[in-house]
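Protein chains in written order, with our numbering: chain A, -15 to 296; chain B, -15 to 296.
Written as structure tokens, this is what we have:
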């Protein structure tokens, strides 16, 4: 019995659970999501490609499906928003595509359930190419609005959740998007700017500084280095600090707050996820690193720049 | 000078024009789109793959970019909604990817401008694979709500815009999504059900009937056959009618209305796009075709089913 895209869609449709905000989910030409009052909708989309963002040799498709949603939830978190619904477009390899689609959906749906996000639509295709999955997440801002990258001001503390580096050893597939942390922070203090770390701590802090038109001074000793960064360092002899600054795919939040708010967060933690004060915003541009020996160096914002080849 | 994904994103950001409903567009972690009152958001996503939905040999990338948006606008039209913003995720071939991305965006943006849709975000990636483009469109319902596939009732007229068949000869790249027609119809009459024809007239009418729990009787003589269906027939010796019923990618609207509303639409056309009465909804299920010689045959809903290979 040949299996068809329609069978996969019908399966998804059957398994999709009701969501109070989704009037119409999988099965029509578009999904309908209700906004109960004048509202700001948040939308983000990410595309994951086999061989670039994951390999099916090293990651079970459930983990790939989970990651495909998690990266977009992380973007909603970076705006301090609430995710509502997700939409999944996939190009499945023709051979074994049905089973792959089912497994992807299982991993994605488990995370969606955890964050009360409806799987409300998508587009299922097959081809002779590798697996490609695009996930769109629709969310909403809280009453306090969206937190942008652009509001950091001199004097603000630069803070971050969690620890950095070595994500490719596993965390990049299994990280928990910081949605709850972002909402808790947004409710408790005034977040002047925020970004999620996907390109790397140095690169993403650089983006935040560029958008804010400001600089930063960061203490080497304050940078939270993940255990995985040490493991990665043992493999390639680059210092753990270099991994923490440039590996990417950490999916932690980097944010700025006033010193008073920062001190409050340190005194009374809002959640179990650790937060660190990395340094402070200064006028000017770019980031400087205060090293342990007391010197200061410019911190190059080397992240995950994927160079295009020059055309012939 | 190597060119980077960031350069392409920066270019898109510079060229994106302001849109009254987009508070925050390209350049942050998510876009912010305002809903001015309690509202129903419409969301649809489509994924187009090189070698499946288009080939870059036969279609300039501007046309591919245009099509990538047009198919999603057609989905919003099928709900009788207003499109607001689009989000484009691409996997660009590493070689020549920058130029390809610029050309795609040019084609897409031209159509977006035509429909007052903001290009508000996306995800730009490169890899060694073929071109993949995913377009998400966020829209809103009018005050009359969304038109679903499921509301057709016995006695309703089955109607359609435009003509069918032979789309692969060119229309599939250059069609005009029926957004304006759908909004005009929705304002003037009660649309009991609607779908856009992407899988083929027979298949998509079949979807509408399945969702409505009803059947239909269609007149062979009433089916609007496109000139391109005749051209396709001349090439492969299949009858033009077969092309009209099963070719797919017509992106016309198939909809149902009461006989009174149908008659009104015939008497006073709302727009230049022709509309046809194909037949009527009956109780039961499936579609029957009344042929020119007065006989009746079951109309198989053969569309664009892409069979998966069985796993080994």
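Ideal Cβ placement from N, Cα and C applies to all residues, glycine included.
With a cut-off of 8 Å, does the C-beta of residue 24(A) fall near any C-beta of chain B?
One-based indexing of the first chain puts residue 24(A) at position 40. Judged by the 8 Å Cβ criterion, residue 24(A) is in contact with chain B.
Does residue 243(A) come out as helix, strand or coil in the three-state DSSP assignment?
By 1-based counting over the first chain, the position of residue 243(A) is 259. Helix, per DSSP.
Under a three-way DSSP split, which group does residue 8(A) fall into?
For the purposes of this step, residue 8(A) is taken as the residue at position 24 of the first chain. In this structure, residue 8(A) counts as strand in the three-state DSSP scheme.
Shorter than 8 Å from the beta carbon of residue 63(A) to some beta carbon of chain B?
The sequence position of residue 63(A) within the first chain is 79, counting from 1. Closer than 8 Å to some Cβ of chain B, the Cβ of residue 63(A) qualifies, so yes.
Measuring only between beta-carbons, confirm whether residue 189(A) sits less than 8 Å from chain B.
Along the first chain, one-based indexing puts residue 189(A) at 205. No, because no Cβ of chain B sits closer than 8 Å to the Cβ of residue 189(A).
Identify the continuous alpha helix (DSSP H) that holds residue 186(B) and give its terminal residues.
Residue mapping note: residue 186(B) aligns to position 202 of the second chain, counting from 1. 185 to 196 is the span of the alpha helix (DSSP H), which, as asked, contains residue 186(B).
Between residue 173(B) and residue 262(B), is the Cβ-Cβ spacing less than 8 Å?
Position 189 of the second chain, counted from the start, is the residue given in the question as residue 173(B). Position 278 of the second chain, counted from the start, is the residue given in the question as residue 262(B). Between residue 173(B) and residue 262(B), the CB-CB gap reaches or exceeds 8 Å.
Counting Cβ pairs closer than 8 Å, one from the stretch 62 to 79 of chain A and one from the stretch 11 to 18 of chain B, do we hit at least three?
yes
Residue-chain proximity (residue 160(A), chain B), Cβ-Cβ < 8 Å
Counting from 1 along the first chain, the entry for residue 160(A) is found at position 176. Chain B, which has no Cβ nearer than 8 Å to the Cβ of residue 160(A), makes this no.
Along chain B, which residues have their Cβ under 8 Å away from the Cβ of residue 304(A)?
Because chain A here runs from -15 to 296, residue 304(A) falls outside it and cannot be looked at.
Mind checking if residue 19(B) is an interface residue toward chain D, Cβ cutoff 8 Å exclusive?
Going by chain labels, chain D is absent from the structure shown, which instead holds the protein chains A and B.
Where residue 297(A) and residue 216(A) are concerned, what is the direct C-alpha to C-alpha distance, given to the nearest angstrom?
For residue 297(A) there is no data in the structure shown, the boundaries of chain A being -15 and 296.
Could you compute how far the alpha carbon of residue 284(B) sits from the alpha carbon of residue 135(A)?
Within the second chain, numbered from 1, the residue matching residue 284(B) stands at position 300. Within the first chain, numbered from 1, the residue matching residue 135(A) stands at position 151. Spanning the two alpha carbons is a distance of roughly 59 Å.
With distance defined between alpha-carbon atoms, name the residue in 74(B), 230(B) and 125(B) nearest to residue 23(B).
Locating residue 23(B) in the second chain gives position 39, where the first residue counts as 1. Closest by C-alpha distance to residue 23(B), out of 74(B), 230(B) and 125(B), is 125(B).
Using a cut-off of 8 Å between C-beta atoms, extract the partners of residue 71(A) located in chain B.
As a working mapping, residue 71(A) is identified with position 87 in the first chain. Those within 8 Å of residue 71(A) in chain B are 27, 28, 29 and 120.
Host alpha helix (DSSP H) of residue 84(A) (start-end):
In the first chain, counting from the first residue as 1, residue 84(A) sits at position 100. Where residue 84(A) is concerned, the enclosing alpha helix (DSSP H) stretches over 81 to 98.
What does DSSP give as the partner residue(s) for residue 109(B) in the beta ladder?
Taking the second chain and counting its residues from 1, one reaches residue 109(B) at position 125. According to DSSP, residue 109(B) bridges with 75(B).
Residue burial classification, residue 296(B) (beta-carbon count within 10 angstroms, cutoff 16)
Counting from one through the second chain, the residue named residue 296(B) turns up at place 312. Because residue 296(B) sits at a pLDDT of 36, beneath the cut-off of 50, its placement in the model cannot be relied upon, and the following sentence gives the value as read from the coordinates. When all chains shown are included, residue 296(B) counts as exposed.
Does any C-beta atom of chain B lie closer than 8 Å to the C-beta of residue 258(A)?
In the first chain, the residue the question calls residue 258(A) occupies position 274. Answer no: the Cβ-Cβ gap between residue 258(A) and chain B never drops below 8 Å.
Any chain A beta carbon closer than 8 Å to residue 114(B)
Counting from one through the second chain, the residue named residue 114(B) turns up at place 130. Yes - at least one Cβ of chain A is within 8 Å of the one on residue 114(B).
One question on the structure: do residue 66(A) and residue 91(A) come within less than 8 Å of each other, judged by their Cβ atoms?
Along the first chain, read from residue 1 onward, the residue named residue 66(A) stands at position 82. Along the first chain, read from residue 1 onward, the residue named residue 91(A) stands at position 107. No.
Neighbourhood of residue 245(A) by C-beta, 7 Å cutoff - its chain only, sequence neighbours within 5 removed
Within the first chain, residue 245(A) is the residue found at index 261, counting from 1. 173 and 174, listed in sequence order.
For residue 33(A), return the contacting residues in chain B, with the cut-off set at a CB-CB distance below 9 Å.
Counting from one through the first chain, the residue named residue 33(A) turns up at place 49. Chain-ordered, the chain B residues with CB closer than 9 Å to the CB of residue 33(A) read 75, 109, 111, 113 and 116.
Unbroken alpha helix (DSSP H) runs of length 4 or more, entirely within the stretch 151 to 238 of chain A: which are they?
The stretch 151 to 238 of chain A contains these whole alpha helix (DSSP H) runs: 155 to 158, 163 to 172, 185 to 196, 211 to 220 and 224 to 230.
Distance between beta carbons of residue 30(B) and residue 107(A), contact taken as under 8 Å:
Working through the first chain from its first residue, we reach residue 107(A) at position 123. Working through the second chain from its first residue, we reach residue 30(B) at position 46. About 5 Å separates the two Cβ atoms, so the contact holds.
For residue 103(B) versus residue -4(B), is the C-beta spacing smaller than 8 Å?
By 1-based counting over the second chain, the position of residue 103(B) is 119. By 1-based counting over the second chain, the position of residue -4(B) is 12. Yes, the Cβ-Cβ distance between residue 103(B) and residue -4(B) is below 8 Å.
Nearest residue (CA-CA) to residue 243(B), options 190(B), 208(B) and 176(B)
Counting from one through the second chain, the residue named residue 243(B) turns up at place 259. Looking at the Cα atoms, 176(B) is the closest of the given residues.
CB residue 259(B) to CB residue 120(B), shorter than 8 Å?
Taking the second chain and counting its residues from 1, the one referred to as residue 259(B) is at position 275. Taking the second chain and counting its residues from 1, the one referred to as residue 120(B) is at position 136. No, the Cβ-Cβ distance between residue 259(B) and residue 120(B) is not below 8 Å.
To which residues of the same chain is residue -11(A) closer than 8 Å at the C-beta, ignoring the five residues directly before and after it?
As a first step, residue -11(A) must be located in the first chain, where it is residue number 5. Once the five neighbours on either side are set aside, the close Cβ partners of residue -11(A) are 108, 109 and 110.
Three-pair Cβ contact test at 8 Å for the stretch 71 to 91 of chain A versus the stretch 188 to 196 of chain A:
no
Bridge partners - residue 27(B), DSSP secondary structure assignment:
Sequence index remark: in the second chain, residue 27(B) carries index 43 (1-based). 15(A) and 122(B), per the DSSP bridge assignment.
Exposed or buried, residue 208(B), counting other C-beta atoms within 10 Å across all chains shown (16 or more means buried)?
By one-based count along the second chain, residue 208(B) stands at place 224. Burial call: buried.
Taking only beta-carbon positions, decide if residue 133(A) is within less than 8 Å of chain B.
Taking the first chain and counting its residues from 1, the one referred to as residue 133(A) is at position 149. Chain B contact via Cβ: present.
Output the boundary residues of the alpha helix (DSSP H) element that contains residue 58(B).
In the second chain, residue 58(B) corresponds to position 74, counting from 1. From DSSP, the alpha helix (DSSP H) with residue 58(B) extends over 45 to 62.
I think residue 6(B) touches residue 69(B), with their Cβ atoms under 8 Å apart; what is that distance to the nearest whole Å?
Stepping through the second chain from its first residue, residue 6(B) is reached at position 22. Stepping through the second chain from its first residue, residue 69(B) is reached at position 85. Going by Cβ atoms, the distance from residue 6(B) to residue 69(B) rounds to 6 Å, so yes, they are a contact pair.
For residue 260(B), which of helix, strand or coil comes out of DSSP?
Mapped onto the second chain, residue 260(B) falls at position 276. Residue state, collapsed to three classes: strand.
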